[in-house]
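Residue numbers (the numbering used here): 43 to 307.
Below, the structure written as structure tokens:
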């Protein structure tokens with residue numbers, strides 16, 4: 043399984059970088075839109091009420107949300123960050139909050155808000171000054187966190203993070219992920235030379251933390267539906283949501299921090 047994950051990663055990472063830097067913007071947008079539609083399809087299996095009528099209604103709402111978020115992005119961004127804050131509280135208080143995840147309208151509504159927000163946050167970040175490079179920095183920040191957490195958790199993980207949600211995650215893994223991500227943040231600081239060192243590293247830390255909650259969010263939904271993965275599209279990794287869960291949470295906060303917090307980049 044590890045070798046399969048490694049091979050898939052070695053193929054996907056260069057492909058992502060090639061598309062990001064050399065493909066036209068419309069092509070990148072089309073790829074991301076297609077990925078989000080597949081992710082929306084995977085969401086169907088995570089919603090407690092999984093009837094055909096509900097699936098069609100959710101798909102229609104998702105397409106509408108992808109369109110509407112572009113016109114209401116500032117409001118959608120604030121609302122999305124509030125929803126993520128509520129998600130974090132619900133995750134930290136699990137299983138006392140498990141009824142929160144049992145309402146189909148709640149789960150569908152959260153997905154309806156967060157998937158379009160991810161797309162529009164990516165587009166807005168892409169068009170910032172140095173946007174492509176900042177996006178690569180964010181990807182490496184999240185990847186470093188995942189790799190550090192995986193290696194450290196496998197080797198030293200003894201104290202479980204939230205075992206009712208994700209038994210495999212440990213506090214040692216979180217620490218390893220944060221440390222390796224901060225190494226990437228130091229490299230980013232050297233490359234971008236921001237004027238506000240506290241804001242730069244504070245944003246990096248907040249981005250890594252929210253990415254962990256993004257992973258836990260999908261883990262809760264999978265656990266409630268007795269699923270190991272959200273899909274089988276990516277060999278060794280599962281579905282699209284299994285790979286994008288951290289980034290779906292991290293990207294809006296990262297963009298918000300770059301836009302509204304002094305950074306000097």
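Just so you know, even glycine gets a beta-carbon here, dropped at the ideal spot from N, CA and C. Small disclaimer: the values here were computed from a predicted structure and weren't measured.
Residue i, DSSP secondary structure in three states
i           : result
residue 169 : coil
residue 29  : With the chain represented from 43 up to 307, any question about residue 29 goes unanswered, as that position is not in the structure.
residue 131 : helix
residue 306 : The predicted position of residue 306 is uncertain, since its pLDDT is 47 and thus under 50; a value taken from the coordinates is nonetheless stated next. Residue 306 falls in the coil class under three-state DSSP.
residue 147 : helix
residue 158 : helix
residue 272 : coil
residue 281 : coil
residue 65  : coil
residue 299 : helix
residue 43  : Any reading at residue 43 must be qualified, since the residue scores a pLDDT of 48, below 50, and its modelled position is unreliable; the value itself is stated next. Note: residue 43 maps to coil in three-state DSSP.
C-alpha gap between residue i and residue j, whole angstroms
i           : j           : result
residue 306 : residue 118 : With a pLDDT of 47 at residue 306, under the threshold of 50, the modelled position of this residue cannot be trusted, and the question is left open.
residue 66  : residue 254 : 31 Å
residue 272 : residue 81  : 9 Å
residue 76  : residue 179 : 23 Å
residue 122 : residue 286 : 16 Å
residue 71  : residue 164 : 9 Å
residue 229 : residue 57  : 22 Å
residue 319 : residue 281 : Shown here, the chain extends from 43 to 307; a query on residue 319 therefore has no answer.
residue 146 : residue 152 : 10 Å
residue 246 : residue 198 : 24 Å
residue 139 : residue 269 : 20 Å
residue 192 : residue 182 : 15 Å
residue 83  : residue 205 : 28 Å
residue 110 : residue 174 : 24 Å
residue 108 : residue 295 : 18 Å
residue 293 : residue 249 : 8 Å
residue 302 : residue 120 : 12 Å
residue 93  : residue 283 : 21 Å
residue 127 : residue 256 : 11 Å
Supposed close pair residue i, residue j - CB separation, criterion 8 Å
i           : j           : result
residue 252 : residue 227 : So it is not a contact: roughly 15 Å between Cβ atoms.
residue 214 : residue 190 : No, residue 214 and residue 190 are not in contact; Cβ-Cβ is about 10 Å, not under 8 Å.
residue 258 : residue 207 : 5 Å
residue 64  : residue 167 : Contact doesn't hold; Cβ gap of about 18 Å is too wide.
residue 231 : residue 150 : Contact flag wrong, Cβ pair sits at about 40 Å.
residue 300 : residue 176 : 7 Å
residue 184 : residue 289 : 6 Å
residue 209 : residue 202 : 7 Å
residue 73  : residue 61  : 6 Å
CB contact below 9 Å: residue i versus chain C
i           : result
residue 181 : Absent from the structure: chain C. Only one protein chain is present.
Residue i Cβ short of 8 Å to the ligand SAH heavy atom set
i           : result
residue 252 : This structure lacks the ligand SAH; in fact it carries no ligand of any kind.
Practice item. Jot down the residue ranges of each uninterrupted alpha helix (DSSP H) in the segment 177-256, minimum 4 residues, whole runs only, in chain order. Key: 213-234
**Study point:** Three CB pairs or more closer than 8 Å across the segment 149-159 and the segment 216-223
**Key:** no
Check your understanding: Can you find at least 3 beta carbon pairs, one from the segment 253-273 and one from the segment 227-242, that sit closer than 8 Å?
Key -> no
Practice item. Could you name each continuous alpha helix (DSSP H) segment of 4 residues or more that falls completely within the segment 81-141, going from the start of the chain to the end? Key: Whole alpha helix (DSSP H) segments, 4+ residues: 94-113, 115-134.
**Study point:** Contact the segment 132-146 vs the segment 103-120: 3+ CB pairs below 8 Å
**Key:** no
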